[in-house]
Amino acid sequence: MTFTRGAKRIIRWLRAIEDTILVTLLMSMLLLAITQIGLRNFYDSGIIWGDALLRVLVLWVGLIGAMVASRKGDHINIDLITRFVNVRLKTVIGFISSFATGIITGLLAYYSYRFVMLEYDDGLVAFAGVPNWICEIILPISFGVIALRYLALSYLALTPPFSERAPD
3 MTFTRGAKRI IRWLRAIEDT ILVTLLMSML LLAITQIGLR NFYDSGIIWG
53 DALLRVLVLW VGLIGAMVAS RKGDHINIDL ITRFVNVRLK TVIGFISSFA
103 TGIITGLLAY YSYRFVMLEY DDGLVAFAGV PNWICEIILP ISFGVIALRY
153 LALSYLALTP PFSERAPD
């Protein structure tokens, strides 16, 4: 097995894990929300920590969704300028955009890691005995993955054949 085939296999495996986690969290979030609504409407009760868990699940689904969107640079962007420039300038703009995104999300990963460590030291509980830092650990993980992906995309933007491809 060549290095490229092995790397592609690992990437496919990691993508499948991301997709599975995202779908599982989204389905859990929907099931919990529907359960909460049913319990409130029909039994005048609910799961005490259900709303807090739903807020955490929204955070996790949003950040894992951002990780999935960053796989190929499918983030929200304004490409008004790139529609009117030649391929070479479009490549430079793509590099600058990806590199800047990588640096900014790298900084977000670093500072969110420091934030999670402060939460760990505080030892506060979010709900049902779950510490705050467990709920927030997705912040440095997702921003770190996004940073690595965009730094890789910035490198690929200047590497043939990616830099020589025609506009999409």
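Residue numbers (the numbering used here): 3 to 170.
Glycine included, every Cβ here is placed at the ideal spot set by N, Cα and C.
Since the model is a prediction, treat every value here as computed from it, not as a measurement.
For residue i, does the count of other Cβ atoms within 10 angstroms reach 16, so buried, or fall short, so exposed?
i, result
"Lys10", "exposed"
"Thr107", "buried"
"Met69", "buried"
"Leu155", "buried"
"Leu82", "exposed"
"Ile19", "exposed"
"Val89", "exposed"
Check each candidate in the options and name the one with the smallest Cα separation from residue i.
i, options, result
"Phe129", "Val118, Ala35, Val58, Ala18", "Val58"
"Ser114", "Ser99, Thr93, Ile143", "Ile143"
"Ala149", "Arg116, Leu109, Arg85, Ile139", "Leu109"
"Ile13", "Val132, Leu33, Arg151, Gly104", "Arg151"
"Leu32", "Leu56, Ser100, Val132, Thr6", "Leu56"
"Ala35", "Ile50, Thr161, Glu121", "Ile50"
"Asp53", "Gly67, Thr26, Phe101, Ser30", "Ser30"
"Leu61", "Tyr157, Arg116, Glu138", "Glu138"
"Ser72", "Phe44, Tyr45, Phe101", "Phe101"
"Leu153", "Arg116, Tyr112, Ser99, Val132", "Ser99"
Using the C-alpha atoms, what's the distance from residue j back to residue i?
i, j, result
"Ala168", "Ile95", "Because Ala168 carries a pLDDT of 45, less than 50, the predicted location of this residue cannot be relied on, and the following value inherits that uncertainty. Spanning the two alpha carbons is a distance of roughly 14 Å."
"Arg140", "Gly146", "The identity of residue 140 in the sequence shown is Ile, whereas the question assumes Arg. Answer to the nearest angstrom: the Cα atoms are 10 Å apart."
"Ile39", "Gly48", "8 Å"
"Thr6", "Arg17", "16 Å"
"Asn134", "Thr26", "21 Å"
"Glu121", "Thr22", "28 Å"
"Asp124", "Val118", "10 Å"
"Ile105", "Thr161", "19 Å"
Any heavy atom of the ligand ATP inside 6 Å of the beta-carbon of residue i?
i, result
"Tyr157", "As for the ligand ATP, it is missing from this structure, which has no ligand bound."
Check residue i in the structure and name its three-state DSSP category.
i, result
"Val89", "helix"
"Ala71", "helix"
"Ala154", "helix"
"Ala128", "strand"
Going by the beta-carbon positions, is the gap between residue i and residue j smaller than 7 Å?
i, j, result
"Val63", "Leu41", "no"
"Ala159", "Phe86", "no"
"Thr84", "Lys92", "yes"
"Leu24", "Ile66", "yes"
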